[in-house]
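Comments concern the structure below.
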Amino acid sequence: MKLLKGKNPMGAVGTVRSFMNVVKDIDFDEVRDRAEQAPRTLIVATSEALSEDAVGQLFGAGSRDGIERRTWRDGDTVDVSRWDVIVVYDPEGQGLLDTVRKAIGPGADAVVFFLAGPGQSARNAVDALRAEITSTLPALAPAFGRFYPEWRPDAVRAIIDETSKANAQFALVSNVSTVIPIVGNLMAVGADLIVLTKNQVMMCYKIAAAHDHDLGNQFAIIRELTPVVGAGFLWRTIAREATAMIPLAAGTIPKVAIAFAGTMAVGRAADYYYRFGSKPSKSQLAEFRKSALQLASKLPVIGDDALAAGMKGSKGKETTTTRPLDATATSTTETETQPLDRD
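As numbered in this note's numbering, the sequence shown has no gaps in its residue numbers, which increase by one up to the final residue, 343.
Right, here's the structure in full:
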């Protein structure tokens, strides 16, 4: 890695040694323990046949770990603390969803999901429900992908999206830098990059979990993935491309784009590795970065107008109003979203 003369532009994560020191500070135990336990899922329907049909649609012919079926009867109650997810299947439109929610009471919306109603395509309903559950409950996504292969694409997508948004949120609210027209200034901000990199590392560990990878040696996983994701862990390539794409955008635009796109590109590279068992090519990595930057431009804090204004360069007169990211762009407890204290 070529360094700027007289300084390390990557700050605290600029070398393999310092990067592995960052990894050593991460506690993987909670994520591993959760990923290695099947999600507790209750399937509720008005008949045994319907509940079995729902299980078959959602989980296929594979593992039934953690899944329980129930035929709902008038007066039934549910101990919501026993379940991570409750799926209501009511293709005949008998109002079962409202009945179950009333029986559960406060907190039902956090765990109760609806599979299908009258007239809804079964295939579309199943795909939509898997995506909804994993995106609503991203902490469970590694376990859903690990235990149920049919859920894996949605689980990995939820992991990548959640971490990318969390890193963008961190970049927005933290003091990573002011406007950054060149890579060197960004890369010198070591403490904030540690947080962003830790979140990337944890994301990759979750992706490994979702792909049913052995989680016993987390350091081996990261060493395995470091050459796969390349500079993505260390930010340099994505920072160069992002700042070229948005050269003079006002306020926090560059750092948010870099945080989001860099994280998403790393996630897609890790997913590719576990799906196909090989490192993505240079052209594929470039495509991951390109598509991630395009998605970054759609974030509320960036948007097409801000991107266009930035690309006009010094001739542009426009100013960019910084808006908060959507409230959903926050992390779970495993993802750091607060700036590190500085000495």
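Positions of the beta carbon are idealized from the N, C-alpha and C atoms, including for glycine.
Check whether the segment 122-137 and the segment 149-168 are in contact - that is, three or more C-beta pairs closer than 8 angstroms. Result yes; three or more Cβ-Cβ pairs closer than 8 angstroms.
D192 versus K255 - alpha carbon distance: It is roughly 11 angstroms from the alpha-carbon of D192 to the alpha-carbon of K255.
Chain-order list of residues whose beta-carbon lies under 7 angstroms from that of M264 (same chain, five-residue window excluded): If we look at M264 and ignore the five residues flanking it on each side, its Cβ neighbours are I160, S164, A292, L295.
Look up V78 in the DSSP assignment and say whether it is helix, strand or coil. DSSP places V78 in coil when its eight states are reduced to three.
Integer-rounded CB distance, given that R64 should sit under 8 angstroms from A143: Taking C-beta atoms under 8 angstroms as the contact rule, A143 and R64 fail to qualify, at a distance of about 14 angstroms.
In whole angstroms, what is the alpha-carbon distance linking T71 and D25? Distance between the alpha carbons of T71 and D25: 47 angstroms.
Tell me the start and end of each unbroken beta strand (DSSP E) in the segment 28-104 that is at least 3 residues and wholly inside, in chain order. Complete beta strand (DSSP E) runs here, min 3: 41-45, 67-71, 85-88.
Host alpha helix (DSSP H) of L225 (start-end): Annotation for L225: the continuous alpha helix (DSSP H) segment containing it runs 218-229.
Could you tell me the alpha carbon to alpha carbon distance between V179 and V195, rounded to whole angstroms? Confidence at V179 is low in this model, with a pLDDT of 40, below 50, so its placement is unreliable and the value that follows should be read with caution. Across the structure, V179 and V195 are spaced so that their CA atoms are roughly 19 angstroms apart.
For T197, the nearest candidate out of A261, A210, A139 (CA to CA): Ranked by how close their Cα comes to the Cα of T197, the residues A261, A210, A139 have A261 in first place.
Rounded straight-line distance, which links the Cα of V88 to that of V100: The straight-line gap from Cα to Cα measures roughly 8 angstroms.
Among F19, S47, I86, M202, which has the Cα closest to the Cα of P39? The option with the nearest alpha carbon to P39 is I86.
Measure the alpha-carbon distance for Y205 versus F19 and round it to whole angstroms. It is roughly 15 angstroms from the alpha-carbon of Y205 to the alpha-carbon of F19.
Counterpart residues of V112 in DSSP-defined beta bridges: According to DSSP, which records beta bridges pairwise, V112 is partnered with I86.
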